[in-house]
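Protein chains in written order, with our numbering: chain X, 190 to 355; chain Z, 31 to 506; chain G, 28 to 127.
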Amino acid sequence: MSTDLVLTYVGFFMMGAIALIGAVLAVSQRNILRAALGLIVSFIGVAGIYFVLEAEFVGVVQILIYVGAITILILFAIMLTRGLMQGTTSGHNSQWLAAALLAMLLFAALALVALGTNWNVAATRVSSDLIPKIGAELMTTYVLPFEAVSLLLLAALVGAIVIARE
Amino acid sequence: MSLSVPDLNLRIIAPVLIVAISALVVLLGELVTSSAQKRGLGYASLVGLLAAGGAAMGLWDAHAVAFREMVRADNFGVFLTLTILAGAVLCILLSFDFTRAHRIETGEYYALILFSVTGMLLMVTAADLIIIFLALELLSLPLYILAAFKREDERSLEAGLKYFLLGAFSSAFFLYGIALVYGATGTTNLARIAASAPSEMLLIGAGLLLVGFAFKVALVPFHWWTPDVYEGAPTTITAFMSVAVKAAAFGAFLRAFLVALPALAMDWRVVLAIIAVLTMTLGNVAALLQANIKRMLAYSSIAHAGYILIALVAMGGAGVSAALFYLLAYTLTNLGAFGAVIALGEGERERLNVSDYGGLARMQPLLAAMLTVFMLSLAGFPPFAGFVGKFLIFGAAVQNGWAWLAVVGVLNSLVSVYFYLRPVVAMYMSEPVEGWGAPRVAPLVALALVLALIGVIALGVFPAPAIALAAGGLGR
Amino acid sequence: MLTVNHLIFLSAILFSIGAVGVLVRRNPLIMFMSIELMLNAVNLAFVAFARYLQNLDGQVFVFLILTVAAAEVAVGLAIIVALFRQRETIDVDEASILKG
Numbered sequence: 190m191s192t193d194l195v196l197t198y199v200g201f202f203m204m205g206a207i208a209l210i211g212a213v214l215a216v217s218q219r220n221i222l223r224a225a226l227g228l229i230v231s232f233i234g235v236a237g238i239y240f241v242l243e244a245e246f247v248g249v250v251q252i253l254i255y256v257g258a259i260t261i262l263i264l265f266a267i268m269l270t271r272g273l274m275q276g277t278t279s280g281h282n283s284q285w286l287a288a289a290l291l292a293m294l295l296f297a298a299l300a301l302v303a304l305g306t307n308w309n310v311a312a313t314r315v316s317s318d319l320i321p322k323i324g325a326e327l328m329t330t331y332v333l334p335f336e337a338v339s340l341l342l343l344a345a346l347v348g349a350i351v352i353a354r355e
Numbered sequence: 031m032s033l034s035v036p037d038l039n040l041r042i043i044a045p046v047l048i049v050a051i052s053a054l055v056v057l058l059g060e061l062v063t064s065s066a067q068k069r070g071l072g073y074a075s076l077v078g079l080l081a082a083g084g085a086a087m088g089l090w091d092a093h094a095v096a097f098r099e100m101v102r103a104d105n106f107g108v109f110l111t112l113t114i115l116a117g118a119v120l121c122i123l124l125s126f127d128f129t130r131a132h133r134i135e136t137g138e139y140y141a142l143i144l145f146s147v148t149g150m151l152l153m154v155t156a157a158d159l160i161i162i163f164l165a166l167e168l169l170s171l172p173l174y175i176l177a178a179f180k181r182e183d184e185r186s187l188e189a190g191l192k193y194f195l196l197g198a199f200s201s202a203f204f205l206y207g208i209a210l211v212y213g214a215t216g217t218t219n220l221a222r223i224a225a226s227a228p229s230e231m232l233l234i235g236a237g238l239l240l241v242g243f244a245f246k247v248a249l250v251p252f253h254w255w256t257p258d259v260y261e262g263a264p265t266t267i268t269a270f271m272s273v274a275v276k277a278a279a280f281g282a283f284l285r286a287f288l289v290a291l292p293a294l295a296m297d298w299r300v301v302l303a304i305i306a307v308l309t310m311t312l313g314n315v316a317a318l319l320q321a322n323i324k325r326m327l328a329y330s331s332i333a334h335a336g337y338i339l340i341a342l343v344a345m346g347g348a349g350v351s352a353a354l355f356y357l358l359a360y361t362l363t364n365l366g367a368f369g370a371v372i373a374l375g376e377g378e379r380e381r382l383n384v385s386d387y388g389g390l391a392r393m394q395p396l397l398a399a400m401l402t403v404f405m406l407s408l409a410g411f412p413p414f415a416g417f418v419g420k421f422l423i424f425g426a427a428v429q430n431g432w433a434w435l436a437v438v439g440v441l442n443s444l445v446s447v448y449f450y451l452r453p454v455v456a457m458y459m460s461e462p463v464e465g466w467g468a469p470r471v472a473p474l475v476a477l478a479l480v481l482a483l484i485g486v487i488a489l490g491v492f493p494a495p496a497i498a499l500a501a502g503g504l505g506r
Numbered sequence: 028m029l030t031v032n033h034l035i036f037l038s039a040i041l042f043s044i045g046a047v048g049v050l051v052r053r054n055p056l057i058m059f060m061s062i063e064l065m066l067n068a069v070n071l072a073f074v075a076f077a078r079y080l081q082n083l084d085g086q087v088f089v090f091l092i093l094t095v096a097a098a099e100v101a102v103g104l105a106i107i108v109a110l111f112r113q114r115e116t117i118d119v120d121e122a123s124i125l126k127g
């Protein structure tokens, strides 16, 4: 095994561990601010894996949008709704056992897929000039999804303003 | 780098485009109209929807693909497009006076409905999982907002929140399904998925897609959000959601499973049959127990999703055309029923309890007769649309060797007669309740009711033309 | 050696953790954050598959999903904030969200 591959392997496990720890914190913490911080850690871990996979652009965007924009918005919402949320954060659902069983089942199915399918090693990069190619794809093959998404954003922004304005 | 622009065949997505542009026009119109002129925006929406309907009719027998096979014009899509547009037109006709009475009359209300319709039309035209997903989001996000649109009413906001959380949750499952299908086949195009070899991963991916669709059309065990959301949302929006979302989601559901995963759909048939039985039975039994008419109609809509699922289990051409006819019949009937509830409202108060309907037959004989027709059609009595729809679906099931499923369906229809007739019995047999004046029906609401009534009776008495159109076929 | 199996396995764990969060927690904000975790798991799967399949489509989907996630955040948080405002004026301690 070349040093490159070893580094990839080690990097994956480190970043994967960070993503998992963050995720567990995000769903288990009673304090909602800590949960939000866990979410940020998890997002950063996943971004790290993108870098390990040489999908650098997606990794950068992940940090900018998920860590930068989405979690900040969530933090704002937490601050804006402090009174309401502190009272209810403790609430764990009474059907947690059923939920856990269901999730185990889901995980078993997904793990079956992950372990049962024989993929060859993911060693090679998708493409050397990734960013221009992604841009070109968005403007050619994916022009219709791209426009659909822009309409979606507009609808969401209008809707959010309508609901949240004073 | 040279960019090759894809086949920008705008004609194929013309209905989608027209509705999207109308949404933008209405949105801009909101800025330049005074509060007394908001009605005009409603009329503008109607014009846009009717124009889209005209464009959709022009696509009949077009049989074409565009945008690198991401959208497909076939008669299946055109039929559903027209069904959804009919639902949207009736909803907007019902909305004019309702929004004024409930103080939610704004341009955004109409614009969000149009955005949602854009998503629905895109969804029934989509030939690629990624477009189906984006269309699903485009139809859902405006509905989350619309469900919460009565901002001073906590129940409406809670309905919006609940709908949003569960909708986003189900989207995640749907997306994971797409990811697995993509991983298994290397594509998200429906036709190319069909051409690739089956695998375990594809099977599980299909299962996750099924979960996503099941949430949207409210199949058991993914139905529990429905009653709360339908009860809390403004009644016009509930009416719209209960029919149009079902038409769009079932359209994509049928297309995805019959075009992309025909072999897997065979494997899933027994599961789908069991889900259909549970959905019908639970919907009808729970509807029996409801005193609130919006909740009753919510459980009834769950039951109807179960009937439509029978058509999917039956598969084949007969199943598809039966499902399409049923969706059209259900759209007109259910909007009629909700329309009657809306027509009977008084300012911000609505007649939500079955007992509120006492004595209406004497005060409003015409309206009472209409509501009776809609309820009979929902229950599946001849000579109304609902009867023909059920007849076609159960017939398709028997033809394809699912006779027991048809029997369960018929038994369920019998149970449903009881709760559908409860408001009717109250109207004709009970004394009027105190505190309600004589209802005055606004002209536009009356127009919507008459249109729905004509549709329900015409589809029931002369079903042949609509059945022929519904058999137009699914392009592959 | 790092294979796609590792990546899908990790993505499956993340997705399941998110699903448990949605089902078990009753705070709408935490439920919402759990949904974001699930979307992240989906993105990870897409990037992994794109690499394995040697095509860019998976990465393009990630961009589309990111945008959808951003739109969902805007709508979801707007509803949560509006509900909070409404609650504040009526009764702060009353927290019956989603109990039905």
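Each residue gets a CB set at the ideal place from its N, CA and C atoms; glycine is no exception.
Taking all protein chains shown into account, do 16 or more other C-beta atoms lie within 10 angstroms of the C-beta of residue i, making it buried, or fewer, making it exposed?
i: ILE484 (chain Z); result: exposed
i: ASN220 (chain X); result: exposed
i: LEU444 (chain Z); result: exposed
i: GLU464 (chain Z); result: exposed
i: SER34 (chain Z); result: exposed
i: ILE261 (chain X); result: exposed
i: GLU245 (chain X); result: exposed
i: THR192 (chain X); result: exposed
i: ILE107 (chain G); result: buried
i: MET293 (chain X); result: exposed
i: PRO292 (chain Z); result: exposed
i: MET328 (chain X); result: exposed
i: MET87 (chain Z); result: exposed
i: GLY84 (chain Z); result: exposed
i: VAL440 (chain Z); result: exposed
Tell me, which residues are paired with residue i by DSSP?
i: ALA96 (chain Z); result: Z:VAL101
i: GLU376 (chain Z); result: Z:ARG379
i: ASP158 (chain Z); result: Z:ASN219
i: ASN67 (chain G); result: DSSP lists no partner for ASN67 (chain G).
Here's a check: name, in chain order, each residue in its chain whose Cβ is nearer than 6 Å to the Cβ of residue i, leaving out the five neighbours to either side.
i: GLY349 (chain Z); result: ALA341 and ALA426
i: ALA391 (chain Z); result: ALA398, MET457 and TYR458
i: PHE252 (chain Z); result: ALA244 and PHE245
i: TYR174 (chain Z); result: GLY190, TYR193 and PHE194
i: LEU317 (chain Z); result: Looking at the sequence itself, residue 317 (chain Z) is Ala, so the reference to Leu does not match. Cβ within range, chain order: MET326, TYR329, SER330 and PHE449.
i: ASN383 (chain Z); result: ALA321
i: ALA436 (chain Z); result: PHE424, ALA427 and VAL428
i: GLY388 (chain Z); result: ALA456, SER460, GLU461, PRO462 and VAL463
Do residue i and residue j have their C-beta atoms closer together than 9 Å?
i: SER351 (chain Z); j: ALA488 (chain Z); result: no
i: THR363 (chain Z); j: GLY117 (chain Z); result: no
i: THR266 (chain Z); j: CYS121 (chain Z); result: yes
i: PHE88 (chain G); j: ILE208 (chain Z); result: yes
i: ALA244 (chain Z); j: ILE305 (chain Z); result: yes
i: GLY190 (chain Z); j: ALA178 (chain Z); result: yes
i: GLY137 (chain Z); j: SER186 (chain Z); result: no
i: GLY78 (chain Z); j: SER125 (chain Z); result: no
i: ALA409 (chain Z); j: VAL447 (chain Z); result: yes
i: LEU83 (chain G); j: GLU355 (chain X); result: no
i: LEU57 (chain Z); j: VAL347 (chain X); result: yes
i: VAL247 (chain X); j: PHE36 (chain G); result: no
i: GLY234 (chain X); j: GLY205 (chain X); result: yes
i: ALA546 (chain Z); j: ASN39 (chain Z); result: Since the first residue of chain Z shown is 31 and the last is 506, residue 546 (chain Z) is not available in this structure.
i: ALA105 (chain G); j: LEU66 (chain G); result: no
Kindly list the residues whose CB is nearer than 7 Å to the CB of residue i, restricted to its own chain and excluding five residues on each side of it in sequence; keep chain order.
i: ALA335 (chain Z); result: VAL247, ALA248, LEU249, LYS276 and THR309
i: GLU135 (chain Z); result: LYS68 and THR129
i: GLY346 (chain Z); result: ASN430
i: ALA478 (chain Z); result: LEU120, LEU123, LEU124 and GLY369
i: ILE44 (chain G); result: LEU64
i: VAL259 (chain Z); result: ALA177, ALA189, LYS192 and TYR193
Leaving aside the five residues before and after residue i along the sequence, list all residues of the same chain whose C-beta is less than 8 Å from its C-beta, in chain order.
i: GLN394 (chain Z); result: LEU374, ALA468, PRO469 and VAL471
**the segment 317-327 of chain Z touching the segment 276-294 of chain Z, judged by at least three CB pairs closer than 8 Å** = no
**Item:** the segment 69-82 of chain G in contact with the segment 141-159 of chain Z per 3-pair CB rule at 8 Å
**Value:** no
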